[in-house]
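Visitor:
There are 2 protein chains.
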Amino acid sequence: MKHITIKDVARRLNVSISTVSRAFNNKYDIRKETRTKILQVAEEMGYRPNPIARKLIQQKTFNVGVVVPEFINSYFPEVIIGIQEILHKQGYQVLVMQSNECYTTELINIKTLEDNMVDGMIISLSQEIHNNDYYLNLLEKGYPVVFFNRVDEDIPASKVVFDDYKWAYFATEHLVKQGYKKIYHLSGYQHLNLSQNRIRGYRKALDKFSVPYTSEYIIETGFYMEEGQAIMKKLLEEGNIPEAVFATNDTVAIGAMKAIKKARLKIPKDIALVGFTESKMADIVDPPLTSVSQPTFEMGRKAAELLLRQISSDGFAAPETVVLNGRLNVRDSSRKGLR
Amino acid sequence: MKHITIKDVARRLNVSISTVSRAFNNKYDIRKETRTKILQVAEEMGYRPNPIARKLIQQKTFNVGVVVPEFINSYFPEVIIGIQEILHKQGYQVLVMQSNECYTTELINIKTLEDNMVDGMIISLSQEIHNNDYYLNLLEKGYPVVFFNRVDEDIPASKVVFDDYKWAYFATEHLVKQGYKKIYHLSGYQHLNLSQNRIRGYRKALDKFSVPYTSEYIIETGFYMEEGQAIMKKLLEEGNIPEAVFATNDTVAIGAMKAIKKARLKIPKDIALVGFTESKMADIVDPPLTSVSQPTFEMGRKAAELLLRQISSDGFAAPETVVLNGRLNVRDSSRKGLR
DNA sequence: AAAGTTTTCGGAAACGCTTTCGGTAACGTT
DNA sequence: AACGTTACCGAAAGCGTTTCCGAAAACTTT
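Protein sequences appear in the order of chains E and D.
Take the first sequence: its position 96, counting from 1, is numbered 96 in the working numbering, and each next residue is one higher.
Take the second sequence: its position 274, counting from 1, is numbered 1274 in the working numbering, and each next residue is one higher.
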């Protein structure tokens, strides 16, 4: 476990450690031949500079922290891959932590990352109600932070978000244009910006085409399959049978799908279904699920780029917000007139 | 971005930095009152010891590295959650890196982790053919390393694996007992231990019940949906229609399912299907897919425990291998006599 | 050939902490 | 009253680097 240090290399070559350091950092005040000689011998000896010591003195770690609510679903992993793609290229390492949708854990994670002197953070908020103070404080200190997907409008930081409003509108519009009337919306946690925006999009579409609805058509379900299934089951048992359902994500939509199938109703004949935040599941369920796909990898890449900009400007670049577009993938679950 | 250091706290209280350090490390040679006083003031000042400096001097980072091939599918993320569950409790941070199934990236990741002085690593090998030298070297140096899922039998390290042989046997046996005869196996990359074991299990079951098969029944497909679909399509076009298929994982099985459905054949009436390494998809496809579920979280927890044991014994504990059991979840995709 | 420049290098401080060593004060012991 | 113990604390070395400062060596210039 003994590491070879800069001293070993220096001694071996009868030079000072400063010189070895210079060779590795490609400084101007070193002779070309000395440099190549040092690098060559160091390589032979298997010497690699200790990043910990380097971090300590440089006050720069080339690490960035990423905090996400979970990574069981493929959504966040895909974003993370996008993030890594950009950051690895610039020599950064990415530390991934998950908050398990818990605000307290989220804070602990952030403090850990801070203690470990990450050069910046990319955060997606947990679904719990939260207090912004710590984030505001972080930003005031000039700490580079970028939020994505789950953001809070009251935090003046760079953000990259999906245009939930617009695409919820399109998803709903699609159902309207197919001729469905009684259109329900299974919404995510309604204190989340993203849910509010989807609800707004849903309302906007119905309003525009003068499709009647009541506030009871909008039901808060959270983000899990069981919730979608339970709510749908309840609706059916109550005899409240929608013609179509627009769910806040695929998972909830598929939960609803299960309930509908169990009730021996047909999709889309009896009830049409549209998901959101398309997952791989959309294409393998039966019938295939209409959904709105998000550019997850792109979201990660954009977040990383914004962060790099913050970092290189010492955290005093003006915050930017990037809004990403998606695509509506129409599949059988919402095609009027299928069997 | 200016951090409060131990010096600031010391100056404020008119004590030496050693004393502050002692307070934080709960050493014996400090008076109780001094300690509580220091802790209190430090808390007020917002001081937290700098982990980087601590790592440098202690030669111990309380970080462990995890290298997985990917985390798009839920399998590895679940294992990672299990790992974190154990390690966080012991004050360790977990750094996750992915090799993208590429051996070169895997090595780079490992070196990065090594440079960052992680106290140990938990690794699942990429599917590329690899050379063991670097791992052997690591182990020789006494570096704590645990492998899981994708292991190599020639590396004498602690491992936690699934009993692929046994459960491939059970999966196949199930098909046999349902009365299917012409049973194909879509195998993963055959140089992987895990694939070989599954093939052995498959053969064993057929041999035991004297169900005839040829080597052509075993087809290497890799791990992706497209591959399962392509192979199945080819089989059907060639008129080589199996009565049942045992696939190396759910993804491949579902790929096959797609091909079968496209050919307008019925599952399980025309072709029965069994997956492996059960994913959430098993329960949402139509018909639901029979599969073997693995205790992913448990696998992570076990790997973490083995690693902790290696770490605390200075890397000279004898390597242990833990073999985990699974469960066969029979669903409609393999029930003989369904419509 | 002396002086001024530039190139190249070594010494030493610093990053923020832990830990060893030694010292002082307070106490008990004879 | 002299000594040994114990409890507590400070000084300083050290972890492996980078970087500032100054000096020697090598060139240029006059």
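Glycine included, each C-beta is placed from N, C-alpha and C at the ideal position.
Does S1187/D come within less than 9 Å of chain E when only Cβ atoms are used?
Guide: Within the second sequence, residue 1187/D is the residue found at index 187, counting from 1. Closer than 9 Å: no.
Visitor: List the residues of chain D that M299/E touches, going by C-beta distances under 9 Å, in chain order.
Guide: Counting from one through the first sequence, the residue named residue 299/E turns up at place 299. Result: empty, since nearest Cβ-Cβ is about 15 Å, beyond 9 Å.
Visitor: At which residues does the beta strand (DSSP E) containing R327/E begin and terminate?
Guide: Position 327 of the first sequence, counting from 1, holds the residue named residue 327/E. R327 to N329 is the span of the beta strand (DSSP E), which, as asked, contains R327/E.
Visitor: I'd like the span of the beta strand (DSSP E) that includes V1015/D, first residue to last.
Guide: To locate residue 1015/D, count along the second sequence from 1; it is residue 15. Taken as a continuous stretch (DSSP letters only), V1015/D belongs to no beta strand (DSSP E), as it is neither H nor E.
Visitor: Find the residues of chain D that neighbour A53/E, judging by a C-beta separation of less than 8 Å, and give them in chain order.
Guide: The sequence position of residue 53/E within the first sequence is 53, counting from 1. Correct list: L1056.
Visitor: So what's V321/E in DSSP terms, helix, strand or just coil?
Guide: Translated into positions along the first sequence, residue 321/E becomes position 321. The sequence as given places Thr at residue 321/E; Val does not occur at that position. Three-state DSSP puts T321/E in a strand.
Visitor: Straight-line CA distance for A1303/D to K1089/D?
Guide: Here the question's residue 1303/D lines up with position 303 in the second sequence. Here the question's residue 1089/D lines up with position 89 in the second sequence. Going by the C-alpha atoms only, they are around 14 Å apart.
Visitor: H130/E by DSSP, collapsed to three states: which one?
Guide: Within the first sequence, numbered from 1, the residue matching residue 130/E stands at position 130. Three-state result, H130/E: coil.
Visitor: Can you grab the Cα-Cα spacing for the pair P1242/D / K111/E, in whole Å?
Guide: For this step, residue 1242/D is matched to residue 242 along the second sequence. For this step, residue 111/E is matched to residue 111 along the first sequence. Cα-Cα distance, rounded: 57 Å.
Visitor: In chain E, which residues lie less than 7 Å from Q1093/D when you measure between Cβ atoms?
Guide: If you number the second sequence from 1, residue 1093/D lands on position 93. Result: T112.
Visitor: Going by other Cβ atoms of all chains shown within 10 Å of its Cβ, with 16 needed for buried, is P1287/D buried or exposed?
Guide: Stepping through the second sequence from its first residue, residue 1287/D is reached at position 287. Buried.
Visitor: What are the boundary residues of the beta strand (DSSP E) that F1062/D is part of?
Guide: Your numbering for residue 1062/D matches position 62 in the second sequence. No beta strand (DSSP E) contains F1062/D, which DSSP labels as neither H nor E.
Visitor: Anything in chain E within Cβ reach of P1077/D, meaning under 8 Å, just list it in chain order.
Guide: For the purposes of this step, residue 1077/D is identified with residue 77 of the second sequence, where counting begins at 1. Near P1077/D (Cβ distances below 8 Å), the residues of chain E are F71, I72 and P77.
Visitor: Which runs of the alpha helix (DSSP H) fall wholly inside the segment 111–158 of chain E and span at least 4 residues, in chain order?
Guide: The segment 111–158 of chain E contains these whole alpha helix (DSSP H) runs: 133–140.
Visitor: Can the beta-carbon of L289/E be found less than 9 Å from the beta-carbon of F170/E?
Guide: The count along the first sequence starts at 1 and reaches residue 289/E at position 289. The count along the first sequence starts at 1 and reaches residue 170/E at position 170. No.
Visitor: Out of V1330/D, R1150/D, V1009/D and V1323/D, which one is the CA nearest neighbour of S1099/D?
Guide: Sequence index remark: in the second sequence, residue 1099/D carries index 99 (1-based). Considering only alpha carbons, the answer is R1150/D.
Visitor: Going by C-alpha distance, which of V323/E, T321/E and G300/E is nearest E85/E?
Guide: For the purposes of this step, residue 85/E is identified with residue 85 of the first sequence, where counting begins at 1. Comparing Cα positions, the closest option is G300/E.
Visitor: Quick one, which of T1214/D, M1045/D and A1230/D has its alpha-carbon nearest T1221/D's?
Guide: Sequence index remark: in the second sequence, residue 1221/D carries index 221 (1-based). With distances taken between Cα atoms, T1221/D lies closest to A1230/D.
Visitor: Looking at the C-beta of V96/E, does it have a partner C-beta in chain D at a distance below 9 Å?
Guide: As a first step, residue 96/E must be located in the first sequence, where it is residue number 96. Chain D contact via Cβ: present.
Visitor: Using a Cβ cut-off of 9 Å (strictly closer), state whether K280/E contacts chain D.
Guide: Working through the first sequence from its first residue, we reach residue 280/E at position 280. Closer than 9 Å to some Cβ of chain D, the Cβ of K280/E qualifies, so yes.
Visitor: Mind listing the chain D neighbours of V285/E? Cutoff is C-beta to C-beta under 8 Å, in chain order.
Guide: Walking along the first sequence from the start, residue 285/E turns up at place 285. Within 8 Å Cβ-Cβ: I1284, V1285 and D1286.
Visitor: Starting from the C-beta of M281/E, find all residues in its chain whose C-beta is less than 8 Å away, skip the five residues before and the five after it, and write them out in chain order.
Guide: Locating residue 281/E in the first sequence gives position 281, where the first residue counts as 1. Only D250, T251, I254 and L289 meet the Cβ criterion.
Visitor: Give the DSSP-derived three-state secondary structure of E1078/D in the structure shown.
Guide: As a first step, residue 1078/D is located in the second sequence; it is residue number 78 there, counting from the start. Helix.
Visitor: Quick check: V1146/D and N1193/D, are their CB atoms within less than 9 Å of each other?
Guide: In the second sequence, counting from the first residue as 1, residue 1146/D sits at position 146. In the second sequence, counting from the first residue as 1, residue 1193/D sits at position 193. Not a contact, by the Cβ cut-off of 9 Å.
Visitor: Cα separation between L1308/D and S187/E?
Guide: If you number the second sequence from 1, residue 1308/D lands on position 308. If you number the first sequence from 1, residue 187/E lands on position 187. Taking the straight line joining both Cα atoms gives about 43 Å.
Visitor: So F170/E is in the alpha helix (DSSP H); what residue range does that whole segment cover?
Guide: Within the first sequence, the letter at position 170 stands for residue 170/E. Unbroken alpha helix (DSSP H) run through F170/E: D164 to K177.
Visitor: If we cut at 9 Å on Cβ distances, does T61/E have a partner in chain D?
Guide: Working through the first sequence from its first residue, we reach residue 61/E at position 61. Interface residue, yes.
Visitor: With a floor of 3 residues, list each beta strand (DSSP E) that falls wholly inside the segment 1172–1228 of chain D, ordered by position along the chain.
Guide: Taking only runs of at least 3 residues, the beta strand (DSSP E) segments lying wholly in the segment 1172–1228 of chain D are 1183–1187 and 1218–1220.
Visitor: From D1283/D to A1053/D, what distance separates their C-alpha atoms?
Guide: Along the second sequence, one-based indexing puts residue 1283/D at 283. Along the second sequence, one-based indexing puts residue 1053/D at 53. Near 50 Å, if we compare the C-alpha coordinates of A1053/D and D1283/D.
Visitor: For E78/E, count neighbouring C-beta atoms within 10 Å of its own C-beta (all shown protein chains included) and say buried if the count is 16 or more, exposed if not.
Guide: Here residue 78/E refers to the residue found at position 78 when the first sequence is read from its first residue. Its Cβ being crowded by 16 or more others within 10 Å, E78/E is buried.
Visitor: Suppose contacts are defined by Cβ-Cβ distances below 9 Å. Is Y134/E in contact with L175/E by that definition?
Guide: Along the first sequence, read from residue 1 onward, the residue named residue 134/E stands at position 134. Along the first sequence, read from residue 1 onward, the residue named residue 175/E stands at position 175. Their beta carbons are not under 9 Å apart, which means Y134/E does not touch L175/E by this criterion.
Visitor: With respect to the alpha helix (DSSP H) encompassing V1285/D, which residues constitute its N-terminal and C-terminal limits?
Guide: Residue numbering aside, residue 1285/D sits at position 285 when the second sequence is read from its first letter. Where V1285/D is concerned, there is no enclosing alpha helix (DSSP H), given that its DSSP letter is neither H nor E.
Visitor: Please list, in chain order, all residues of the same chain as Q310/E whose beta carbon is under 8 Å from its beta carbon, the five residues on each side excluded.
Guide: To locate residue 310/E, count along the first sequence from 1; it is residue 310. Around Q310/E: G120, P144, V145, V146, S158 and A317.
Visitor: Can you tell me the Cβ-Cβ gap for G275/E and A247/E, rounded? I've got them flagged as a contact below 8 Å.
Guide: The residue you call residue 275/E lines up with position 275 of the first sequence. The residue you call residue 247/E lines up with position 247 of the first sequence. Indeed, because the Cβ distance is near 5 Å, the residues count as touching under 8 Å.
Visitor: Cα-Cα, which of D154/E, T61/E and Q190/E is closest to V94/E?
Guide: By one-based count along the first sequence, residue 94/E stands at place 94. Among D154/E, T61/E and Q190/E, the Cα nearest to that of V94/E is on T61/E.
Visitor: Return the CA-CA distance between G239/E and G142/E, expressed in angstroms with no decimal places.
Guide: Translated into the one-based positions of the first sequence, residue 239/E becomes position 239. Translated into the one-based positions of the first sequence, residue 142/E becomes position 142. Near 56 Å, if we compare the C-alpha coordinates of G142/E and G239/E.
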